[in-house]
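Since the structure comes first, as structure tokens, the remarks are kept for the end.
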Amino acid sequence: MKNPLKNSALGITLISILLGLFVGALILLFIGYNPIEAYSVMLNGIFGSVRYLSWTIIYATPIILTGLSVAFAFKTGLFNIGAEGQYIVGALTAALVGYYVPMPTLLHIPFVLICSITAGSLWGSIAGYLKARFGVNEVISTIMLNWIALYLNNFFVLNEKIKRPGSEATNKILDSAKIIFFDVWKKSPDGQAFRKAHPFFNDIFRTPANAGFLIAILAAVLVLLILNKTTLGYSLKAVGFNKDAAEFGGINIKSSMISSMAIAGGLSGLAGAVQVTGFTREASALAAMEGYGFEGISVALIGANNPIGCVLAGLFYGALKYGGSKIQPRIGAPYEIISIIMGTIVLFIAMPKLIRMMKITKKKEAE
Amino acid sequence: MLLESIAFLLGTTLMYATPLIYTSLGGTISENSGVVNIGLEGIMFMGAFIGAAIGYYTHSGWIGFLAAGVVGGLFGLLHAVACISFTADQVVSGIAINFLGPGFALLLSRLMFDGAAMTLPLPLDEKISRPLNGLFPQNSFFDVILNRYSTVYLAFFLVLVVWFVLYKTKLGLRIRSVGEHPEAAATLGIDVYKIRYMSVIASGVFAGFGGAAVSVAIVSQFRITLISGQGFIALAAMIFGKWKPQGAMWACLLFGFAQAIVVFMPRTGIEVSSQLLSMLPYILTLILLVVFVGKSVAPSADGKIYEKN
């Protein structure tokens, strides 16, 4: 009898996740913390209330989008380490357009999103162009572009004319550009009264619950459609599958590379826009990378480069990040255990051979 | 005034290039044997922490430096096990290392330094020594350039060693043959796995040194933003240096020079945004990659999975 789960990518992913959590538990035990207590604090911190769930989704939203970005590029044979930089330019663009270009809400939100997508897209296509035209490895060029984006962001944010006095951030975006649910109404007397009467909604309104998650799901569906139902998607996948065969088949590889990176960049730019318009409402000076790009890489890997997989993996990672943020204040275990768990999961996903071997030994033992 | 500026620029170049040289030598060894290691960044991060932490507790920058090499080697071993024995995708395994290195470093830092994400600073006399101190009159031209921490001279010496090993010894020939054509090397009786294991572990040791070269020489403690991308820059330097130790060294020096200009400009009184200036090393790399490298010349089996039959 063949169990389809056992040898599939999904099976390997699930086993990797379990192994990652197991290694995390061992390390917690080794450094003197009770892993059961730590994991139950985390679980309670994720599912304990509607407010926690809302936060989990807010944490997951940007990394679902950067995950989609990395996954899209992967499908076409490119490794987009540049999601981080594309995210930064997207977020910066959103903060600037959201404050300096007043518009009615119905126009402002789409305008901000489109501007950020364009900015991220341009940033991504630089790497695509350098690869197509000059053969520059996209791994290296996107890493450089990440740092250039970081300093570009700081250059704008710290500019005397742009920065909000007394801060190291831009001015908060206008209400019309926010995608936070009922952000103005929920603070009004009407809203307050409603919240008092409905504790469930009050719980949600205490967080910046926003439309970002819906946008991310929409983006996942769009990516799925592009990859599976369009000529563009077909030719991009063909290039990713076998470059030479694709070229022989009449597909222009160079333009494919550029459009693939442009779309991937657009998705990461959108991640930045969603984070700014839905949560931070500003772009701030960065001392180091925030990590959304690298987290996106893990999301793409855990999600097996499948758009729906990315949504689920992003939720998982978001939950781990938000739930994990509670173990330090509650039981004192270092927050970095989360990075170790993620790293271990990614490492196991990289080694399907090991997991298959473990299954074979198990079978032998059973016999 | 001009001489002083030149001396300052050259001296600062040496200082900033050193950690990159260690790490890019590591990358050079590993990739010549056919294993891509983008985990160098994470290993360097770990090395910086281990160097500073062990240095602090043993009161010796050198012990810290060596310990960083050992722990770096362990991370190299992890990458080797994943990539060589379990045929992992090398880039993905490298990404995992980049999570694990900083993860473990910060976790240990919080345990060893009372919850802080930084170590306590080493006293000046416990840092890596400056052997040429006092040889030249203080702040003279040669003093500013050459009076450096021992790690600086060691880095250049190791460039020579790695070059010699790779191109003048049997072992080097084996490393390169395994990176060019593992199947052919195997038919000649070379143990591909063994050579690759050694090379990847060595790359970890070097990246560990690179991290410690920052934390116990250039500065005297580990901080969370200390490495920020230097491992990746070293990787770029290796590619720009065409996978050769001497090439990587020149590329690192160029980076160091760009970084020296960033530090130097404010002293000249010329008004340039420090943020824009900070982009210089990265923009320079992109331009150089476009102008000089073109189609890559990596070892032909670089990054490809090899499985014994």
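Residue numbers (the working numbering), protein chains in the order written: chain A, 9 to 375; chain B, -14 to 294.
In this text, a Cβ means the ideal position worked out from N, Cα and C, and glycines have one as well.
Cβ of residue i within 8 angstroms of any chain A Cβ
i: glycine 119 of chain B; result: no
i: leucine 92 of chain B; result: yes
i: glutamine 260 of chain B; result: yes
i: aspartate 74 of chain B; result: yes
i: proline 284 of chain B; result: no
i: methionine 264 of chain B; result: yes
i: asparagine 124 of chain B; result: no
i: phenylalanine 71 of chain B; result: yes
i: leucine 59 of chain B; result: no
8 angstroms Cβ cutoff, residue i in contact with chain B
i: alanine 296 of chain A; result: yes
i: methionine 359 of chain A; result: yes
i: leucine 362 of chain A; result: yes
i: valine 307 of chain A; result: no
i: threonine 238 of chain A; result: no
i: leucine 18 of chain A; result: no
i: asparagine 42 of chain A; result: no
i: tyrosine 159 of chain A; result: yes
i: phenylalanine 38 of chain A; result: no
i: phenylalanine 302 of chain A; result: yes
i: glutamate 313 of chain A; result: Residue identity differs from the one stated: residue 313 of chain A is asparagine in this sequence, not glutamate. Judged by the 8 angstroms Cβ criterion, asparagine 313 of chain A is not in contact with chain B.
i: leucine 76 of chain A; result: no
Under the three-state DSSP convention, the category residue i falls into
i: alanine 236 of chain B; result: helix
i: isoleucine 181 of chain A; result: coil
i: isoleucine 122 of chain A; result: helix
i: serine 292 of chain A; result: strand
i: leucine 13 of chain A; result: Residue placement at leucine 13 of chain A is poorly supported in this model, since its pLDDT is 45, which falls under 50; the coordinates still yield a value, given next. DSSP places leucine 13 of chain A in helix when its eight states are reduced to three.
i: isoleucine 71 of chain A; result: helix
i: lysine 3 of chain A; result: No information on residue 3 of chain A is available, as it lies outside the stretch 9 to 375 that chain A covers here.
i: isoleucine 23 of chain B; result: coil
i: isoleucine 290 of chain B; result: coil
i: isoleucine 224 of chain B; result: helix
i: isoleucine 39 of chain A; result: coil
i: isoleucine 28 of chain B; result: helix
i: isoleucine 345 of chain A; result: helix
i: valine 6 of chain B; result: For the sequence presented, residue 6 of chain B should be read as isoleucine rather than valine. In the structure shown, isoleucine 6 of chain B sits in a helix (DSSP, three-state: H, G or I).
i: isoleucine 113 of chain B; result: coil
i: isoleucine 89 of chain A; result: coil
i: isoleucine 187 of chain A; result: coil
i: tyrosine 300 of chain A; result: helix
i: glycine 340 of chain A; result: coil
Interface partners of residue i on chain B, CB under 7 angstroms
i: phenylalanine 190 of chain A; result: Near phenylalanine 190 of chain A there are no residues of chain B at all, since even the closest Cβ is about 37 angstroms away, more than 7 angstroms.
i: isoleucine 181 of chain A; result: What isoleucine 181 of chain A touches in chain B: nothing, since even the nearest Cβ is about 22 angstroms away.
i: valine 49 of chain A; result: Neighbours of valine 49 of chain A on chain B: none; closest Cβ ~17 angstroms, over 7 angstroms.
i: asparagine 162 of chain A; result: Gln260
Sub-8 angstroms separation of residue i and residue j beta-carbons
i: tyrosine 300 of chain A; j: glutamate 146 of chain A; result: no
i: alanine 321 of chain A; j: alanine 99 of chain A; result: no
i: phenylalanine 163 of chain A; j: serine 258 of chain B; result: yes
i: valine 190 of chain B; j: glycine 54 of chain B; result: yes
i: tryptophan 228 of chain B; j: valine 282 of chain B; result: yes
i: proline 266 of chain B; j: arginine 161 of chain B; result: no
i: glycine 61 of chain B; j: isoleucine 186 of chain B; result: yes
i: isoleucine 268 of chain B; j: isoleucine 156 of chain A; result: yes
i: methionine 31 of chain B; j: glycine 196 of chain B; result: yes
i: isoleucine 170 of chain A; j: alanine 221 of chain B; result: no
i: glycine 27 of chain B; j: leucine -13 of chain B; result: no
i: phenylalanine 121 of chain B; j: aspartate 110 of chain B; result: no
i: glycine 75 of chain A; j: valine 97 of chain A; result: no
Cross-chain neighbours of residue i in chain A, by beta carbon under 9 angstroms
i: proline 296 of chain B; result: This structure cannot settle anything about residue 296 of chain B, because the visible part of chain B is limited to -14 through 294.
i: arginine 181 of chain B; result: The premise fails here: arginine 181 of chain B is roughly 16 angstroms from chain A at the closest Cβ pair, so nothing lies under 9 angstroms.
i: threonine 210 of chain B; result: Ala295 and Ala296
Contact set between residue i and chain A, taken where Cβ atoms lie within less than 7 angstroms
i: glycine 214 of chain B; result: Trp155
i: glycine 88 of chain B; result: Glu344, Ser347, Ile348 and Gly351
i: tyrosine 267 of chain B; result: Met152, Trp155 and Ile156
i: alanine 67 of chain B; result: Leu355, Ala358 and Met359
i: alanine 81 of chain B; result: Gly351, Val354, Leu355 and Ala358
Beta-carbon neighbours of residue i, restricted to chain B and to distances below 8 angstroms
i: proline 70 of chain A; result: Per Cβ cutoff of 8 angstroms: no residues; proline 70 of chain A is ~18 angstroms from chain B at best.
i: phenylalanine 87 of chain A; result: Val76
Contacts that residue i makes with chain A (C-beta to C-beta distance below 8 angstroms)
i: alanine 221 of chain B; result: Ile148, Ile151 and Met152
Closer than 8 angstroms at the beta carbon, the chain D residues around residue i
i: leucine 138 of chain A; result: Of the chains in the structure shown, none is chain D; the protein chains are A and B.
Original post:
Can you give, in chain order, each stretch of the alpha helix (DSSP H) that sits fully within the region 176 to 218 of chain B and has at least 4 residues?
Top reply: 177 to 198
Original post:
In chain order, which continuous runs of the alpha helix (DSSP H) of length 4 or greater are located wholly inside the region 190 to 253 of chain A?
Top reply: 197 to 205, 207 to 213, 220 to 237 and 239 to 249
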